[in-house]
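Student: As given, the protein sequences belong to chains A and B, one line each in that order. Using this note's numbering, you'd call the opening residue of the first sequence number 1 and step up by one each time. Using this note's numbering, you'd call the opening residue of the second sequence number 47 and step up by one each time. We put the beta carbon where it would ideally sit given N, CA and C, even for glycine. Nothing here was measured: the structure is a model prediction, and the numbers come from that model. Would you mind keeping the following structure in view while I ask a few things?
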Amino acid sequence: MNGAANNNPYLYASYIVVWVIHIAYAFTLVSRSKRMKRETRELNRQ
Amino acid sequence: MKTLFNVLAVFTLLLLGYGFVQAMYIAPTEATMGDVQRIFYYHLPSAWVAFLLFFVNFLASCWYLIRRTQGADALALASAEVGVSFCTIVLITGPIWARPIWGIWWTWDARLTSTLVLWLIYVSYLVLRHYATGGQIPVLAAALGIFGFVDVPIVYMAIRWFRTQHPQPVIGGGQGSGLDPRMWVAVLWNLAAFAMLALMFVWIRYKQARAEYALEEAHAQASLDYETEDAQQ
């Protein structure tokens, strides 16, 4: 990598944003799965 | 099925890793913009994957209106939700790239505005699905998905139909447009990686949506059983 190095913070910021969004979405999927498993367990117990 | 999912998950992670290496280290540095142009390798594939997911939503919505199957509705919901996350990435990485190159974060040109409208349409689709109640919600959502998809070709063609601040297309953009072949390699690796990631997300969300239906039916059956028992006593 070389070139206009003073613009590099924009590059890093955009890559970080992409990964934060993907990881945050993955976490919402995992937490939804856990909630649904809990609800299923409670329903089976009733 | 679980083994296939795990294999695909590992494959996706490898693709994402190699796509990152391609984008940051292997693709050549663009002559005028410098390294900040490397945002392109995440910006463009995210946009294409979002368009693809909204197309899947369109097809699933049509299928739901014709057949009224839970599977079609679940696929429509999953593709819209994952599509919004990719479209969000497009709307954030675009301004971050624009600021050092254009000197502004945002301009109300046809491409940017139509992309924002697209995002708002599918966010409203998700809000409708999440907060509205009643048996007709999947039908209303399917109608919104079908008419909302009209904006996708408008976003795609905006830079051809109008004079925009946004650059001209890299495919079929006429004389002087196009990409260095080594840049194409980085674009395609990241496109494959993001498409696989989207597939994994849609897969999980689809299964969750189907499980939500089953859970709702089980809840309804349980309360019916409870009422019947109550009436018999």
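#1: So with CB distances below 9 Å, who are the chain A contacts of Trp143(B)?
#2: Answer with yes or no whether the minimum CB distance from Gln116(B) to chain A is below 7 Å.
#3: Any beta carbon from chain A within less than 7 Å of Gln267(B)'s own beta carbon?
#4: I'd like to check one pair, Arg206(B) with Glu127(B): are the Cβ atoms closer than 7 Å?
#5: Answer with yes or no whether the minimum CB distance from Glu42(A) to chain B is below 7 Å.
#6: Cα separation between Ile175(B) and Ile142(B)?
#7: Spell out whether any CB of chain B is found under 7 Å from the CB atom of Met1(A).
#8: Drop a sphere of 10 angstroms on the beta-carbon of Leu50(B), count the other beta-carbons inside from all chains shown, and report buried for 16 or more, exposed for fewer.
#9: Compare the C-alpha of Arg45(A) against each of Gly65(B), His265(B), Ala77(B) and Met203(B) and name the closest.
#10: Suppose the cutoff is 6 Å on Cβ atoms and the five residues either side in sequence are ignored; what does the same chain contact list for Glu146(B) look like?
#11: Short check: CB of Ala96(B) to CB of Gly129(B), under 7 Å?
#12: Identify whether Asp180(B) lies in helix, strand or coil by the three-state DSSP scheme.
#13: Taking CB distances under 7 Å as the criterion, tell me whether Ala178(B) reaches chain A.
#14: Taking 7 Å as the threshold (beta carbon to beta carbon), is Arg84(B) in contact with chain A?
#15: Less than 7 Å between CB atoms is the rule here; does Gln254(B) satisfy it with respect to chain A?
#16: Cα-Cα, which of Met47(B), Tyr88(B) and Asp271(B) is closest to Ala241(B)?
#17: Secondary structure at Gly149(B), three-state DSSP: helix, strand or coil?
#18: Just reading off the alpha helix (DSSP H) that Leu43(A) is part of, what are its end residues?
#19: Using the three-state DSSP reduction, which class does Gly80(B) fall into: helix, strand or coil?
#20: Using a threshold of 7 Å, state whether the C-beta atoms of Gly65(B) and Ala260(B) are closer than that.
#21: Only counting the same chain, and skipping five residues up and downstream in sequence, which positions put a Cβ closer than 7 Å to that of Thr210(B)?
#22: List the endpoints of the continuous alpha helix (DSSP H) containing Ile112(B).
Tutor: Taking the coordinates as given:
#1: Tyr10, Leu11 and Ser14
#2: no
#3: no
#4: No, the pair does not count as a contact, with Cβ atoms beyond the cut-off.
#5: no
#6: Note on identity: in this sequence residue 175(B) is Arg, with Ile being the wrong assignment. Rounded to the nearest angstrom, the two C-alpha atoms are 31 Å apart.
#7: With a pLDDT of 49 at Met1(A), under the threshold of 50, the predicted position of this residue should be treated as unreliable, though the coordinate-derived value follows. Yes, its Cβ sits closer than 7 Å to a Cβ of chain B.
#8: exposed
#9: His265(B)
#10: Residue identity differs from the one stated: residue 146(B) is Pro in this sequence, not Glu. For Pro146(B), where only same-chain residues beyond five positions count, the Cβ hits under 6 Å are Val82.
#11: yes
#12: As written in the sequence, residue 180(B) is Gly, which differs from the Asp given in the question. Coil.
#13: no
#14: With 7 Å as the cut-off, Arg84(B) counts as an interface residue toward chain A.
#15: yes
#16: Tyr88(B)
#17: The three-state reading of DSSP puts Gly149(B) in coil, since its state is none of H, G, I, E or B.
#18: Element bounds for Leu43(A): Asn8 to Arg45.
#19: strand
#20: no
#21: Asp155, Ala156, Arg157 and Ala204
#22: Phe86 to Arg113
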